[in-house]
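K.L.:
Okay, here's the structure, questions in a sec.
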């Protein structure tokens, strides 16, 4: 498994022009609407030109080789959610992204629970081996508000667990997201996953490439 994620350039031209947060049953890109369990797969070029609709109750795989692009994309998502007149709690589990407190200072409807994924100990730090505890923190939030889950270190979580446990964890995230009409974003660098595991992730999740 390869390690390391490039941190250069924001790639603004790859960002969607408009992002709509919907409760509808489709993810829309340009003229393409895909419903049901099919996987809407959005290439970088399409994302750059698209009006992208994000559906409640869905887990999205964000594929990127540049974490800054994913970070900028998510900032726009957070601001759209904040203007959606609903209360959300952002469950942020990060190892790579550089979000700071000021990124969320102006948000009124999006409460933030942020954790660092690390083998070190300390406040608001979760071990990458503790998938059960990550699930617990999300479930605890979901009892009161819609969760918005962001995990930027899926490769690290897989490194510290077996494939069966890892795949079950993803399914549990999907179940929680659907049951509580939340939204989840799992960020991956495709170069850090073996092709077999990457195919599994792509098979039953919505994929956005930035």
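Numbering (the numbering used here), first residue to last: 2 to 211.
We treat Cβ as the ideally placed atom computed from N, Cα and C, and that holds for glycine.
Roughly how many whole angstroms lie between the Cα atoms of residue 126 and residue 95?
P.N.:
Whole-angstrom Cα-Cα distance: 10 Å.
K.L.:
Could you check what DSSP says for residue 106 in three-state terms: helix, strand or coil?
P.N.:
Three-state DSSP puts residue 106 in coil, outside helix and strand.
K.L.:
If you compare alpha carbons, which of 116, 153, 103 is closest to residue 137?
P.N.:
Taking only the C-alpha atoms, the option nearest residue 137 is 116.
K.L.:
Residue 174 and residue 150 look like a contact to me (Cβ under 8 Å); what is the Cβ gap, rounded to whole Å?
P.N.:
About 6 Å separates the two Cβ atoms, so the contact holds.
K.L.:
DSSP on residue 148, reduced to helix/strand/coil?
P.N.:
Of the three classes helix, strand and coil, the one that applies to residue 148 here is strand, per DSSP.
K.L.:
In chain order, what residues of the same chain lie with their CB nearer than 6 Å to the CB of residue 187, ignoring the 5 residues before and after it?
P.N.:
Counting only Cβ-Cβ distances below 6 Å, and skipping sequence neighbours, we find 62, 152, 155.
K.L.:
If we require 4 or more residues per run, which alpha helix (DSSP H) segments fall completely within the stretch 163-205?
P.N.:
If we require 4 residues or more, the alpha helix (DSSP H) runs fully inside the stretch 163-205 come out as 164-180, 196-204.
K.L.:
With DSSP as the reference, label residue 85 as helix, strand or coil.
P.N.:
Coil at residue 85, not helix or strand.
K.L.:
Just reading off the alpha helix (DSSP H) that residue 60 is part of, what are its end residues?
P.N.:
Not the alpha helix (DSSP H): residue 60 falls in the beta strand (DSSP E), residues 59-64.
K.L.:
Which of helix, strand or coil does DSSP assign to residue 96?
P.N.:
It is coil, neither helix nor strand.
K.L.:
If you measure between the beta carbons of residue 53 and residue 83, is that distance less than 8 Å?
P.N.:
No, they are not a contact pair.
K.L.:
List the residues that DSSP assigns as beta-bridge partners of residue 207.
P.N.:
Per DSSP, 61.
K.L.:
Within 10 Å of its beta-carbon, does residue 69 have 16 or more other beta-carbons around it, so buried, or fewer, so exposed?
P.N.:
By the 10 Å Cβ count, residue 69 comes out buried.
K.L.:
Report the rounded CA-to-CA distance for residue 122 versus residue 199, giving the unit in angstroms.
P.N.:
Cα to Cα, residue 122 sits roughly 30 Å from residue 199.
K.L.:
Tell me which same chain residues have a C-beta within less than 6 Å of the C-beta of residue 179, skipping the five on either side of it?
P.N.:
Only 58 meet the Cβ criterion.
K.L.:
DSSP on residue 71, reduced to helix/strand/coil?
P.N.:
Three-state result, residue 71: helix.
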